[in-house]
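Reviewing the structure listed below.
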Amino acid sequence: MSTADTLTVPLGGPALPQERRLVTAIPGPRSQQLLERKAAAVPAGVGHTAPIHAVAAGGGVVVDADGNSLIDLGSGIAVTTVGNSHPAVVAAVAQQAAQFTHTCFMISPYDSYVAVAEALNRLTPGDHEKKTALFNSGAEAVENAVKIARKFTGRPAVVAFDHAYHGRTNLTMGLTAKAMPYKLGFGPFAGEIYRAPLSYPFRDGLSGPDAAARAIAMIEKQI
């Protein structure tokens, strides 16, 4: 039995009170024990920001192993944009799991992948013909975008903005501007990466179309 099992775990979902409520110090004793287990079993490089262990979540609140309710400002790094355990999402996941849990789209395609691609093609800007491929992470999407661009243009070089973050694979770390905490000690990185300054409205006084035009002009200058 895990440490968290000794807590009466609340049911997640929007019924959870949307409030910050502390019943112990942070981390509480149960979270502290779980953090010690994590330190023994998981490499230190897989860090964490909040010293808690989540056991339930709903809407914009996470409940930890000690019963503390915390406001989820991280939103799962921006992937739970409709809140945790939204009933529509829970129902869709349950329906899909009942149909089949997984198959490789490149072996046997299925409807939901195509439906997502159609929706993205419809919702993204522009009235030109569009197609969409889905990947497991942002870094994989960037890697594939670079591969496609290199294949199509026959050009090896890539332009990335200053201060940009693109991921933690080797190529995307090379594209990422910030050395700490992302790049230090992990090189060498892919070559043929060039940087262009990005408009900074607080400093240059530009905004909207003017800021975008400046950024595009800097990319074109590099190309």
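Quick note: to get this note's numbering, add 288 to the position in the sequence shown (first position is 1).
Every residue, glycine too, gets a C-beta built ideally from N, C-alpha and C.
Tell me, to the nearest whole angstrom, how far the beta carbon of residue i is from that of residue j; I am working on the premise that it is less than 8 Å.
{"i": "Y401", "j": "F393", "result": "5 Å"}
{"i": "P302", "j": "G371", "result": "7 Å"}
{"i": "V434", "j": "G455", "result": "In fact, because the Cβ distance is near 11 Å, the residues do not count as touching under 8 Å."}
{"i": "G300", "j": "G333", "result": "Their Cβ separation, rounded to whole angstroms, is 29 Å, which puts G300 and G333 out of contact at 8 Å."}
{"i": "A448", "j": "R483", "result": "6 Å"}
{"i": "F440", "j": "N432", "result": "Going by Cβ atoms, the distance from F440 to N432 rounds to 12 Å, so no, they are not a contact pair."}
Which first and last residues belong to the alpha helix (DSSP H) in which residue i is found?
{"i": "S363", "result": "S363 to A366"}
{"i": "R438", "result": "G426 to T441"}
{"i": "S358", "result": "Per the sequence shown, the amino acid found at residue 358 is Leu instead of Ser. No alpha helix (DSSP H) contains L358, which is instead part of the beta strand (DSSP E) from S357 to I359."}
{"i": "R491", "result": "P489 to D492"}
{"i": "G455", "result": "Where G455 is concerned, there is no enclosing alpha helix (DSSP H), given that its DSSP letter is neither H nor E."}
{"i": "M468", "result": "Element bounds for M468: n/a, residue is neither H nor E."}
{"i": "S400", "result": "D399 to L411"}
Could you pull out every residue in the same chain whose Cβ sits closer than 8 Å to the Cβ of residue i, ignoring the five residues on either side in sequence?
{"i": "A292", "result": "Residue placement at A292 is poorly supported in this model, since its pLDDT is 48, which falls under 50; the coordinates still yield a value, given next. So the qualifying residues of the chain are R318, L322, H341, V343 and A353."}
{"i": "D360", "result": "A345, G348, V349, V350, T368 and N372"}
Count the other CB atoms, across all protein chains shown, that sit within 10 Å of the CB of residue i; report buried if there are 16 or more and exposed otherwise.
{"i": "Q510", "result": "exposed"}
{"i": "M461", "result": "buried"}
{"i": "T464", "result": "buried"}
{"i": "V330", "result": "exposed"}
{"i": "G442", "result": "exposed"}
{"i": "N356", "result": "buried"}
{"i": "G316", "result": "buried"}
{"i": "L358", "result": "buried"}
Look up residue i in the DSSP assignment and give the residues it is bridged to.
{"i": "A344", "result": "V351"}
{"i": "A484", "result": "F449"}
{"i": "N372", "result": "G347"}
{"i": "R309", "result": "S357"}
For residue i, which residues from the same chain have a beta carbon less than 7 Å from its beta carbon, with the 5 sequence-adjacent residues on both sides left out?
{"i": "G426", "result": "G455"}
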